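Enquirer:
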Amino acid sequence: MRQDPFANLDKKTFRQAIIELLESEYKLLGSHKILELIADDIVELEYKYHPRKKTNQFGSLSWVATSEQNSKPKLGQKREEYKQEVVELPYVTEEDIELKRQNISKTEHDMIRIARLTKAAKKQGAMLTVEELAAIMNRSTATISKRIGEYHNSHDDVLPLKGYILDMGRGTTHKKAIIELYEQKVQPPDIAKKTNHSLNAVDRYIKDYERVKFLIRRGISTTQIKHMTGRGASVIKQYRKLIEKYHPEYFDSDNDK
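Residue 145 in our numbering sits at position 145 of the sequence shown, with consecutive numbering throughout.
(1) Can you name the residues that DSSP bridges to V86?
(2) Using CA atoms only, rank isn't needed, just tell me which of R139, Q102 and D203 is closest to L181.
(3) List in chain order: all unbroken alpha helix (DSSP H) runs of 4+ residues lying wholly within the region 143-206.
(4) Please state if the CB of V130 and the CB of L161 are separated by a distance shorter than 8 Å.
(5) Output the distance between the C-alpha atoms of D254 and R217, rounded to the nearest integer angstrom.
(6) Nearest-angstrom Cα distance between E68 and E249?
(7) On the three-pair Cβ rule with 8 Å, is the region 31-48 touching the region 116-132?
(8) Which residue comes first and which comes last in the alpha helix (DSSP H) that contains Y26?
(9) According to the Cβ coordinates, are E85 and Q124 closer than 8 Å?
(10) Please identify the residue among R15, E23 and L35 whose C-alpha is closest to the C-alpha of E46.
(11) Should Q224 be labelled buried (16 or more other beta-carbon atoms within 10 Å of its own) or exposed?
(12) In whole angstroms, what is the alpha-carbon distance linking K122 and H197?
(13) Is the separation between the beta-carbon of I112 and that of L159 shorter than 8 Å?
(14) Compare the beta carbon distance of I136 and Y91 with 8 Å and say whether it is the shorter of the two.
(15) With distances taken between CB atoms, is the gap from L37 to S60 smaller than 8 Å?
(16) Nearest CA to the CA of A39: which residue from Y49, K27 and A17?
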């Protein structure tokens, strides 16, 4: 029979070591709940007086990731030319152990881990890629991409992945999320916070969107808009779908799609 890899991990934590010490060495008998509360207080004191240890604890993983200080890459820029940042990632946590006990689905657990890893890297000034997440989590890139899509479909924030933040590739998930929030009357500073983008980037996307919206309202075709704005066809088509959703009155049967 296959053994659950998470089955005994909770017996190896710092907190559990304190509980066992109190029981075996200090002979503190009685309510196990009291021992757990004492252990929790000791763990909190350790974090308070040694805050650096928070990022290097049970189940953490040291990883070299791309620094968020990088700007959008130039054509032909090599990977080794990016600024790097060493981060401590929460690879396996006590939350994972508890989720396993709750028989959470593999899909949901993957999404939780992806969000936790990417946000932890971002807090330390770094960005992860789909390929890095696949290596860390021992999943295929196709699976990671699918989970990221599922996360974005079920959450109102955008994961701070390298491709989204640096606006790389053909994906427009971050643009869509920003404009969706804009059309929902969310203020730009709040949009920037929700999507892990700078306020300047948010303002730029909104400005582009409003230009496309104006031209569509004038009956200009996608091909013409592409030449007039200098934006790619895929971006314009993404904006067009959003305009159709929020401003259907701009379109008639004669407009090209």
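Note that CB positions come from ideal geometry on N, CA and C, so glycine has one too. As the structure is a prediction and not an experimental result, all values here were calculated from the model.
Expert: If we stick to the structure as given:
(1) Position 86 of the sequence shown, counted from the start, is the residue given in the question as residue 86. Per the DSSP secondary-structure output, V86 pairs in a beta bridge with V64.
(2) For this step, residue 181 is matched to residue 181 along the sequence shown. Taking only the C-alpha atoms, the option nearest L181 is D203.
(3) If we require 4 residues or more, the alpha helix (DSSP H) runs fully inside the region 143-206 come out as 162-165, 173-183 and 188-195.
(4) In the sequence shown, residue 161 corresponds to position 161, counting from 1. In the sequence shown, residue 130 corresponds to position 130, counting from 1. Against a cut-off of 8 Å, the Cβ pair of V130 and L161 comes out as a contact.
(5) Locating residue 254 in the sequence shown gives position 254, where the first residue counts as 1. Locating residue 217 in the sequence shown gives position 217, where the first residue counts as 1. Legend: pLDDT at D254 = 48, less than 50; position of this residue unreliable, no value from coordinates given.
(6) To locate residue 68, count along the sequence shown from 1; it is residue 68. To locate residue 249, count along the sequence shown from 1; it is residue 249. If you draw a straight line from the Cα of E68 to the Cα of E249, it is about 40 Å long.
(7) Below 8 Å, too few C-beta pairs join the region 31-48 and the region 116-132 to call them touching: fewer than three.
(8) Reading the sequence shown from its first residue, position 26 is the one you call residue 26. Y26 -> no alpha helix (DSSP H), and no H or E assigned at all.
(9) Indexing the sequence shown from 1 puts residue 85 at position 85. Indexing the sequence shown from 1 puts residue 124 at position 124. Yes. Within cutoff.
(10) Looking up residue 46 in the sequence shown gives position 46. Check the Cα spacing between E46 and each of R15, E23 and L35: the tightest is with R15.
(11) Here residue 224 refers to the residue found at position 224 of the sequence shown. Its Cβ having fewer than 16 others within 10 Å, Q224 is exposed.
(12) As a first step, residue 122 is located in the sequence shown; it is residue number 122 there, counting from the start. As a first step, residue 197 is located in the sequence shown; it is residue number 197 there, counting from the start. Their Cα atoms are separated by approximately 11 Å.
(13) Within the sequence shown, residue 112 is the residue found at index 112, counting from 1. Within the sequence shown, residue 159 is the residue found at index 159, counting from 1. Annotated as distal: I112 and L159, with beta-carbon spacing of 8 Å or more.
(14) Indexing the sequence shown from 1 puts residue 136 at position 136. Indexing the sequence shown from 1 puts residue 91 at position 91. Their beta carbons are under 8 Å apart, which means I136 touches Y91 by this criterion.
(15) Counting from one through the sequence shown, the residue named residue 37 turns up at place 37. Counting from one through the sequence shown, the residue named residue 60 turns up at place 60. Using a Cβ distance threshold of 8 Å, L37 and S60 do not count as a contacting pair.
(16) In the sequence shown, counting from the first residue as 1, residue 39 sits at position 39. For the residues Y49, K27 and A17, the minimum Cα distance to A39 belongs to A17.
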